[in-house]
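S.K.: This is the structure I want to talk about, given as structure tokens.
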Amino acid sequence: MVIRKKKKSVIIFIIGLISVFFLANHSLADVKKDIKVDLESKVIQDLSPEGLTLTFYLKIINSSSKDYYLASYDYRFIVQQAEYLKMSTSLEDLIKVPARQEIFIAWPVKVTYQHLFDTIPSLENELKAVCYLSGRLGLANRKGKLKGQVPVAFSGEFPLFKKPKARISKFKINQISIGGADIDFRVLFINENGFELLVDRIKYKILIGGHKIGEGEISGDKNLPPQGEKEFHLPLLLNFFELGREVAGFFQLAEVNCRFSAEVEIRTVWGRMTLPYNLESKVAIEK
């Protein structure tokens, strides 16, 4: 009699476990059936020589008659088949996905070039990188109890931006007199990137022998082609009576110590940035 009762208890317990397992899996299946995630777009933001942010804009569609709440997410960000970033996050404030409606969320991934090159050294000389994001969105009920997870996977690519190199390319005296000089001063910018850079403005200052001989601002009338270079002309009309006799003496030399500092406003298809330059070198004076 006791043995039969024990057998009956074991059977009931097993049936209970099977029921719980079935209900749990049914709930997980419900979430995957009810919730669909589509990639709306990928946007590159905050591009700079230090890195960028690649944002995945997702549309979450709830086709069921009950509300769900986005409670967590985890993902792996793969670049050139190597893991660059792995993250798991629980949301303090649940995001409601109403019944029979859709919502849009942004999923930003910050890329720091130095960390990327430390992780994948072979990328340092490349123009762009191919990436892959895979993860899961955790959906819960209103009380925050997890009801299931929806897998997501998206591919993309992003540029490996390099600050354009620059050098003083010409310092030529067009005309000189006791009172002043007409100088042809030029700076060469070299674009190593695989995309065009639009130069909107250059705010500059020029010194020779520690003395300022020019300061101003020009509109960028030239663009830097992909993996190309362009020379920017900064005309200088000097008044030796204002600058002093010492400055006039520099123009009798074969070369002079020259310093060019500037803020260059550049525009790309992903936005604008201002790049600082501070060049200092011995420059031959053409006459």
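Going by this note's numbering, the sequence shown opens with residue 6, and the numbers climb by one from there.
All residues carry an ideal CB built from backbone N, CA and C; glycine is no exception.
1. Using the Cα positions of Gly2 and Leu96, report the straight-line distance between them to the nearest angstrom.
2. Is the Cβ-Cβ distance between Lys292 and Ile178 less than 8 Å?
3. Would you grab the beta carbon distance between Asn196 and Glu234 for me? Rounded to a whole angstrom, and I think it's under 8 Å.
4. Identify the residues that DSSP records as bridge partners of Arg81: which are they?
5. What residues in its chain sit with their C-beta under 7 Å from that of Tyr80, if we drop five residues either side in the sequence?
6. Which whole runs of the beta strand (DSSP E) in the region 199-280 are 3 residues long or more, in chain order?
7. With H, G and I counted as helix, E and B as strand and the rest as coil, what does DSSP make of Tyr282?
8. Would you mind giving the Cβ-Cβ distance between Leu151 and Ala267, rounded to the nearest angstrom? I have them listed as a contact below 8 Å.
9. My parser needs the beta strand (DSSP E) runs of 3 or more residues fully inside the region 91-138; what are they?
10. To the nearest angstrom, how far is the alpha carbon of Glu260 from that of Ile181?
11. Could you tell me if Gly143 is buried or exposed, where buried requires 16 or more neighbouring beta carbons within 10 angstroms of its beta carbon?
12. For a test of your reading of the model: does the CB of Glu201 fall under 7 Å from any non-hydrogen atom of the ligand GTP? Yes or no.
13. Which value, in whole angstroms, describes the spacing of the CA atoms of Arg191 and Ile183?
14. Mark Ala134 as exposed unless 16 or more other C-beta atoms lie within 10 angstroms of its C-beta, in which case mark it buried.
15. Between the Cα of Phe61 and those of Glu251, Phe237, Gly161 and Leu90, spot the shortest distance and give me the residue it belongs to.
16. Assuming the contact rule is C-beta atoms closer than 8 Å, Ala87 and Ile49 should be a hit. Round their C-beta distance to whole Å, please.
17. Return the CA-CA distance between Ser53 and Ser70, expressed in angstroms with no decimal places.
18. Taking contact to mean 3 or more Cβ pairs, one atom from each stretch, closer than 8 Å, check whether the region 217-224 and the region 162-173 are in contact.
19. Which first and last residues belong to the beta strand (DSSP E) in which Leu63 is found?
20. If we call anything under 8 Å between Cβ atoms a contact, is Phe59 one with Val116?
21. Which class does Val43 belong to by DSSP, given the choice of helix, strand or coil?
22. Under a Cβ-count criterion, where at least 16 other Cβ atoms within 10 Å of its own Cβ denotes burial, should Asp39 be classed as buried or exposed?
23. Three-state secondary structure (DSSP) at Asp72?
24. Following the continuous beta strand (DSSP E) through Lys175, name the residue where it begins and the one where it ends.
25. I need the straight-line Cα distance from Ser32 to Gln106, nearest angstrom please.
26. Give me the Cβ distance between Leu202 and Leu239, rounded to the nearest whole Å; I'm assuming they're in contact under 8 Å.
27. Bridge partners for Ile49 per DSSP, in chain order?
M.R.: On the basis of the supplied data:
1. Outside the shown range of the chain (6 to 292) lies residue 2, about which nothing can therefore be said.
2. yes
3. 7 Å
4. Lys91 and Ser139
5. Met92, Leu138, Ser139 and Gly140
6. 202-213, 216-224, 234-244 and 260-273
7. strand
8. Actually they are not in contact, since the Cβ atoms of Leu151 and Ala267 sit about 55 Å apart, beyond 8 Å.
9. 107-117
10. 16 Å
11. buried
12. With respect to the ligand GTP, the structure offers nothing, as it holds no ligand at all.
13. 24 Å
14. buried
15. Gly161
16. Going by Cβ atoms, the distance from Ala87 to Ile49 rounds to 20 Å, so no, they are not a contact pair.
17. 45 Å
18. no
19. Gly56 to Asn67
20. The sequence shown places Leu at residue 59, rather than the Phe named in the question. It is a contact, given that the beta carbons lie within the stated cut-off.
21. Looking at the sequence shown, residue 43 is not Val but Asp. Strand.
22. buried
23. coil
24. Lys170 to Ile181
25. Annotation note: pLDDT 46 at Ser32 (below 50); position unreliable, no value reported.
26. Incorrect: roughly 18 Å between the Cβ atoms, too far for contact.
27. Leu59
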